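Take a look at the structure set out below.
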Amino acid sequence: MTDRITGIVLLVFAALYGFGAFRLKAGFGAGPVGPKGFPIMLAIVLAIVAIGIILRTDPDPVWLKRGAWVNIVTASISFIIYAYLLVPIGFIISTTLVTGFISQRFGAIWWRALLTGFASSLALYALFVFALDIPLPIGRVFGGR
Amino acid sequence: MEVFQLLGDGFAVALQPTNLFLAFIGVLLGTVIGMLPGVGPINTIAILIPITFALNLEPASAMIMFAGIYYGSQYGNSISSILLNVPGTASSVVTALDGYPMAQQGRAGPALAMSAIASFIGGTLSIFFLIFFAPLLARWAIDFGPAEYFVLMVFAFSTLSSLTGNNVFKGLVSAIFGLILATVGIDPQGTATRFTFGQMNLLDGMDFVVVAIGFFAISEVLQMLSETEDEQIVNTGVGRVFISMKEFTSSIWTIVRSSMSGFLIGSLPGAGSTIASFVAYTTEKQLVDEDDNFGKGDIRGVAAPESSNNSASVGAFIPMLTLGVPGSGTTAVMLAALLSLGITPGPLLIQDNPEIFWGLAASMYIGNIFLIVLNLPLVGLFARILLVPRWVLMPLVATLSFVGVYAVNNNPFDLLLMTAFGFIGFFMRKLGFPLAPVILGLVLGSLMEVNLRRAMIYSQGDWGIFFSSPITIGLWILTAVSLIAPIFIKRIAKRRRLLNLEGE
Numbered sequence: 001m002t003d004r005i006t007g008i009v010l011l012v013f014a015a016l017y018g019f020g021a022f023r024l025k026a027g028f029g030a031g032p033v034g035p036k037g038f039p040i041m042l043a044i045v046l047a048i049v050a051i052g053i054i055l056r057t058d059p060d061p062v063w064l065k066r067g068a069w070v071n072i073v074t075a076s077i078s079f080i081i082y083a084y085l086l087v088p089i090g091f092i093i094s095t096t097l098v099t100g101f102i103s104q105r106f107g108a109i110w111w112r113a114l115l116t117g118f119a120s121s122l123a124l125y126a127l128f129v130f131a132l133d134i135p136l137p138i139g140r141v142f143g144g145r
Numbered sequence: 146m147e148v149f150q151l152l153g154d155g156f157a158v159a160l161q162p163t164n165l166f167l168a169f170i171g172v173l174l175g176t177v178i179g180m181l182p183g184v185g186p187i188n189t190i191a192i193l194i195p196i197t198f199a200l201n202l203e204p205a206s207a208m209i210m211f212a213g214i215y216y217g218s219q220y221g222n223s224i225s226s227i228l229l230n231v232p233g234t235a236s237s238v239v240t241a242l243d244g245y246p247m248a249q250q251g252r253a254g255p256a257l258a259m260s261a262i263a264s265f266i267g268g269t270l271s272i273f274f275l276i277f278f279a280p281l282l283a284r285w286a287i288d289f290g291p292a293e294y295f296v297l298m299v300f301a302f303s304t305l306s307s308l309t310g311n312n313v314f315k316g317l318v319s320a321i322f323g324l325i326l327a328t329v330g331i332d333p334q335g336t337a338t339r340f341t342f343g344q345m346n347l348l349d350g351m352d353f354v355v356v357a358i359g360f361f362a363i364s365e366v367l368q369m370l371s372e373t374e375d376e377q378i379v380n381t382g383v384g385r386v387f388i389s390m391k392e393f394t395s396s397i398w399t400i401v402r403s404s405m406s407g408f409l410i411g412s413l414p415g416a417g418s419t420i421a422s423f424v425a426y427t428t429e430k431q432l433v434d435e436d437d438n439f440g441k442g443d444i445r446g447v448a449a450p451e452s453s454n455n456s457a458s459v460g461a462f463i464p465m466l467t468l469g470v471p472g473s474g475t476t477a478v479m480l481a482a483l484l485s486l487g488i489t490p491g492p493l494l495i496q497d498n499p500e501i502f503w504g505l506a507a508s509m510y511i512g513n514i515f516l517i518v519l520n521l522p523l524v525g526l527f528a529r530i531l532l533v534p535r536w537v538l539m540p541l542v543a544t545l546s547f548v549g550v551y552a553v554n555n556n557p558f559d560l561l562l563m564t565a566f567g568f569i570g571f572f573m574r575k576l577g578f579p580l581a582p583v584i585l586g587l588v589l590g591s592l593m594e595v596n597l598r599r600a601m602i603y604s605q606g607d608w609g610i611f612f613s614s615p616i617t618i619g620l621w622i623l624t625a626v627s628l629i630a631p632i633f634i635k636r637i638a639k640r641r642r643l644l645n646l647e648g649e
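As structure tokens, this is what we get:
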């Protein structure tokens with residue numbers, strides 16, 4: 001059943017992608033295939049393969065328990081928040097927070113988790129900024145850009 | 146002979162202090178990440194790519210380090226297979242079949258020693274094959290036109306898709322998904338902007354480092370988060386790491402055969418060290434296992450996969466370096482790295498950039514010597530790394546991923562993309578879609594499109610050009626075979642209860 005749904009989702013995706021490709025306008029000197037030929041080809045092959053998946057299904061995967069879902073969704077959200085915090089509050093604080101959170105999700109008690117986060121962000125900051133000369137954001141609140 | 150002259154020049158490159166140091170760092174890192182479940186050569190190399198840019202490394206030096214990580218991981222991956230029954234990477238799944246029983250019987254030392262020795266022989270024999278066959282293949286491929294290249298890539302996708310995972314259709318979806326990602330941004334001939342949804346950040350397309358880290362590192366973190374961890378009793382007492390002369394002589398032909406088959410399989414586009422180790426194990430089981438001892442702790446069951454997966458990882462460089470068409474996820478990432486360093490691998494690489502090819506080959510000899518030293522006397526020390534708990538290891542993987550992704554463009558937008566791909570990658574794993582073809586698709590996408598369009602310009606719009614030469618026709622036939630053959634292979638594999646191998 002899972003594979004049927006996956007196959008249908010892929011078919012819809014192939015149709016949308018193919019339609020998007022079809023509407024592309026070729027500039028001058030694009031040659032006989034142009035910018036849309038290759039994407040349209042991909043859309044067609046994807047549609048065929050998607051039908052294959054619908055017709056020849058695998059057994060359903062073992063789905064996750066609720067706790068696992070909570071872990072995955074909260075972890076992903078923490079990555080997104082990280083992307084928005086990195087430049088404003090700087091690498092060290094934001095990385096300590098998100099890494100500590102992930103560590104806690106893997107079962108560490110809170111102070112060990114925070115320590116793991118702080119230690120790894122400090123070590124990587126030193127490695128990248130001082131040893132490898134790759135800039136990481138200091139944080140706008142600390143006068144960085 | 147000319148070969149030895151050239152190899153001598155290669156050693157001159159490989160023995161430069163920087164390159165010697167990078168080879169050492171590469172194999173050391175490779176051993177560690179190969180051993181740790183959840184970190185593999187693909188995400189390690191992807192994370193290191195921005196660093197090699199920042200350090201302004203020469204292409205040859207970068208390749209020496211990346212290659213060290215790849216073949217080094219083939220040494221390290223057996224350590225966790227043998228001690229924990231948890232393979233460090235997919236290509237040592239088979240090693241656990243006999244290695245873990247040996248460890249349970251208190252013979253972890255001999256199993257680890259055999260694994261290191263078999264890896265060394267496989268690793269060094271295959272470099273010989275590499276330096277003799279790669280130039281031959283390059284000379285043959287020099288006449289390839291755009292049509293041949295296009296069909297060759299179709300072939301690479303079909304083999305990789307059908308050999309990783311256990312559903313051909315799903316492998317193909319993964320490959321197409323990678324190709325679709327490659328079409329985002331300005332098209333390769335600069336005539337149109339495609340699928341950017343008005344996002345300025347997407348004009349240059351998806352950066353492969355961001356996608357690779359998302360798909361391999363972040364999705365792995367999510368995957369591990371979704372598992373309820375069993376308390377593992379880690380026994381890192383390895384005892385004396387040695388094998389007796391008798392054990393060595395009983396395995397030597399197994400090692401030689403497996404090295405040869407491993408190299409051959411590794412050099413095919415699509416079939417990497419995972420399949421090589423699987424083939425070597427089943428072959429040896431049929432050839433030498435008279436008293437049905439394989440699976441119960443037979444040392445030859447460790448020798449076969451370990452020699453072949455090392456050999457295959459060297460063989461995998463052949464299609465990548467001589468044709469510019471990689472056959473596995475790891476070599477695809479290396480190809481991407483070379484491309485962004487301004488080197489286009491292909492039939493002319495060996496001539497035009499001899500320092501890359503010969504320097505790499507020579508460094509592999511040196512790296513294997515480092516590895517045998519690291520893995521024989523020091524293996525007990527390495528095994529202690531397995532004691533690092535997940536709540537330290539996985540957050541560290543996440544942090545390294547953030548830094549690697551951010552360092553590409555200094556743009557937090559890439560972190561959002563990374564998260565999205567991590568999430569998608571997690572679902573693809575759950576649903577049985579292999580991930581290696583996505584990376585291959587992303588890396589080869591624009592090359593494939595360029596070759597398609599060039600061929601069509603030569604033929605003035607006639608699709609017949611893709612069926613007009615013996616090479617293209619031969620490749621189409623091979624493509625068809627690669628898509629149909631797995632159905633038969635799978636029937637055999639099912640009988641052997643060995644399924645579910647994911648590409649390395």
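If you read the protein sequences in the order shown, they are chains A and B. Okay, so the first sequence: first residue is 1 according to our numbering, each after it adds one. Okay, so the second sequence: first residue is 146 according to our numbering, each after it adds one. Note that the Cβ used here is the ideal one computed from N, Cα and C, for glycine as well. Model, not experiment: these values are computed from the prediction.
Find the residues of chain B that neighbour residue i, judging by a C-beta separation of less than 9 Å, and give them in chain order.
i      : result
A:V234 : Residue 234 of chain A lies beyond the residue range present for chain A, which begins at 1 and ends at 145; the question has no answer from this structure.
Could you name the residues of chain B that residue i contacts, counting a contact when the two beta carbons are closer than 8 Å?
i     : result
A:A75 : V366, L367 and L370
How about residue i: is its C-beta nearer than 8 Å to some C-beta of chain B?
i      : result
A:I72  : yes
A:A15  : no
A:G143 : no
A:F19  : no
A:V45  : yes
A:V12  : no
Name the two residues that bound the continuous alpha helix (DSSP H) containing residue i.
i      : result
B:T467 : It is not in any alpha helix (DSSP H) - B:T467 carries neither H nor E in the DSSP assignment.
A:D3   : T2 to F22
B:Q219 : P204 to L229
B:N520 : P499 to N520
A:T57  : Careful: A:T57 lies outside any alpha helix (DSSP H) and carries neither H nor E.
B:A337 : Run containing B:A337: none; DSSP gives neither H nor E here.
B:F572 : F558 to L576
B:D154 : E147 to A159
B:K430 : S418 to V433
B:F314 : V313 to A327
B:W608 : Neither: B:W608 is in no alpha helix (DSSP H) and is coded neither H nor E.
B:A253 : A253 to A286
B:S236 : Unbroken run through B:S236: none, as it is neither H nor E.
Chain A beta carbons: is any one of them nearer than 8 Å to that of residue i?
i      : result
B:R402 : no
B:P540 : yes
B:V548 : yes
B:M601 : yes
B:R284 : no
B:W536 : yes
B:F633 : no
B:L646 : Unreliable positioning characterises B:L646 in this predicted model, as indicated by a pLDDT of 45, which lies under 50. A coordinate reading is not provided.
B:A301 : no
B:T544 : yes
B:L643 : Annotation note: pLDDT 48 at B:L643 (below 50); position unreliable, coordinate value reported separately. By this cut-off, B:L643 is not an interface position.
B:G491 : no
B:E203 : no
B:T163 : no
B:A199 : yes
B:L523 : no
B:L580 : no
Can you list the residues of chain A that residue i reaches, using a CB-CB cut of under 7 Å?
i      : result
B:D497 : Within 7 Å Cβ-Cβ: nothing; B:D497 doesn't reach chain A, min ~28 Å.
B:I358 : Ordered by position in chain A, no residue passes the 7 Å Cβ test against B:I358, which lies about 12 Å from the chain.
B:Q250 : Correct list: empty, because the minimum Cβ distance to chain A is about 32 Å.
Which residues of chain B have a Cβ atom closer than 7 Å to the Cβ of residue i, listed in chain order?
i     : result
A:G52 : F314
A:R56 : F314
A:I80 : L561 and T564
Quick one: list the residues of chain A neighbouring residue i, beta-carbon separation under 9 Å, in chain order.
i      : result
B:I196 : F128, L132 and I134
B:D352 : Near B:D352 there are no residues of chain A at all, since even the closest Cβ is about 15 Å away, more than 9 Å.
B:Q605 : P32
Quickly, what does DSSP pair residue i with across the bridge? List them, please.
i      : result
B:G330 : B:R339
Interface positions of the segment 107 to 127 of chain A facing chain B (Cβ-Cβ less than 8 Å), listed along the chain: Residues are counted here when their Cβ sits less than 8 Å from a Cβ of chain B; for the segment 107 to 127 of chain A these are G107, A108, R112, A113, T116, G117, S120, S121 and L124, given in chain order.
Near-chain B residues of the segment 91 to 106 of chain A (beta-carbon distance less than 7 Å), N- to C-terminal order: Flagged, chain order: T95, T99, I102, S103, R105 and F106.
Interfacial residues, the segment 552 to 572 of chain B to chain A, with Cβ spacing under 8 Å: Answer in chain order: A552, N555, P557, F558, L560, L561, M563, T564, G567, F568 and F571.
Interfacial residues, the segment 315 to 331 of chain B to chain A, with Cβ spacing under 7 Å: Cβ contacts with chain A come from K315, L317, V318, I321, L324, I325 and T328.
Within 9 Å of chain A by C-beta, residues of the segment 614 to 630 of chain B in sequence order: Sequence-ordered contacts of the segment 614 to 630 of chain B with chain A are nonexistent [C-beta pairs closer than 9 Å].
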